[in-house]
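J.:
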Amino acid sequence: MKPIAIGADDAAFEFRDSIVLYLKQLGFETVDYSSDKQATNSLYPDVANAVAYAIKDKKHDRGILVCGTGIGMAITANKVPGIRAAQCHDVFSAERARKSNNAHIMTMGARVIGIELAKKLVHAWLESEFEGGRSSEKVQRIDYYDKLYSK
Numbered sequence: 033m034k035p036i037a038i039g040a041d042d043a044a045f046e047f048r049d050s051i052v053l054y055l056k057q058l059g060f061e062t063v064d065y066s067s068d069k070q071a072t073n074s075l076y077p078d079v080a081n082a083v084a085y086a087i088k089d090k091k092h093d094r095g096i097l098v099c100g101t102g103i104g105m106a107i108t109a110n111k112v113p114g115i116r117a118a119q120c121h122d123v124f125s126a127e128r129a130r131k132s133n134n135a136h137i138m139t140m141g142a143r144v145i146g147i148e149l150a151k152k153l154v155h156a157w158l159e160s161e162f163e164g165g166r167s168s169e170k171v172q173r174i175d176y177y178d179k180l181y182s183k
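Using this note's numbering, you'd call the opening residue of the sequence shown number 33 and step up by one each time.
Following this line, the structure appears as structure tokens:
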């Protein structure tokens, strides 16, 4: 697997550091696109955009974005054509983000969930694969609308 793209804003640097350490313990490499790693003081939309485009450009297969709530990161990442980002706050949503929706990116809120729960979500998301089946048609429809409105 390619390195996992990571991105955080100033509301989630410590949270991000814990996630990166956890990923290393699991044997994953990461590339950090967080605002404190950029040459300029970027805002969370810049971070989410950088991660989403890196995935679109096939530098990474998956990404994890964290901010205060995870909402703004998900909204921004989903603006990049071809990218599916899902905000996750429980194990079931993390699993379904991959199994049903084939999400490239998971987002989490450092002010919403604790780090131990976040580790469980990351593990569930990484262990899950797209199941296809009935979900294939739905994801194809998402892609159809994505292409329709990306012109």
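Using N, Cα and C, we set each Cβ at its ideal position, and we do this for glycine too.
(1) Would you check if there are 3 or more beta carbon pairs closer than 8 Å linking the stretch 59-66 to the stretch 105-119?
(2) Residue 134 and residue 171: beta carbons closer than 8 Å?
(3) Mind listing, in chain order, the continuous alpha helix (DSSP H) runs of no fewer than 4 residues lying wholly within the stretch 50-120?
(4) Using beta-carbon positions only, say whether residue 116 and residue 92 come within less than 8 Å of one another.
(5) Exposed or buried, which one is residue 57 when buried takes at least 16 other CB atoms within 10 Å?
(6) Along the chain, which unbroken stretches of the beta strand (DSSP E) at least 3 residues long are found entirely within the stretch 146-175?
(7) Note down, in chain order, each residue of its chain lying with its Cβ closer than 6 Å to the Cβ of residue 132, except the 5 sequence neighbours on either side.
(8) Considering Cα atoms alone, identify which of 54, 77, 182, 176 is closest to residue 150.
T.: Well, looking at it:
(1) no
(2) As a working mapping, residue 134 is identified with position 102 in the sequence shown. As a working mapping, residue 171 is identified with position 139 in the sequence shown. Yes, the Cβ-Cβ distance between residue 134 and residue 171 is below 8 Å.
(3) 76-88, 103-109
(4) For the purposes of this step, residue 116 is taken as the residue at position 84 of the sequence shown. For the purposes of this step, residue 92 is taken as the residue at position 60 of the sequence shown. Taking 8 Å as the Cβ cut-off, residue 116 and residue 92 do not qualify as a contacting pair.
(5) As a working mapping, residue 57 is identified with position 25 in the sequence shown. Per the 10 Å Cβ criterion, exposed.
(6) none
(7) Against the sequence shown, residue 132 aligns to sequence position 100. Only 167 meet the Cβ criterion.
(8) One-based indexing of the sequence shown puts residue 150 at position 118. When each option's Cα is compared against that of residue 150, the closest is 54.
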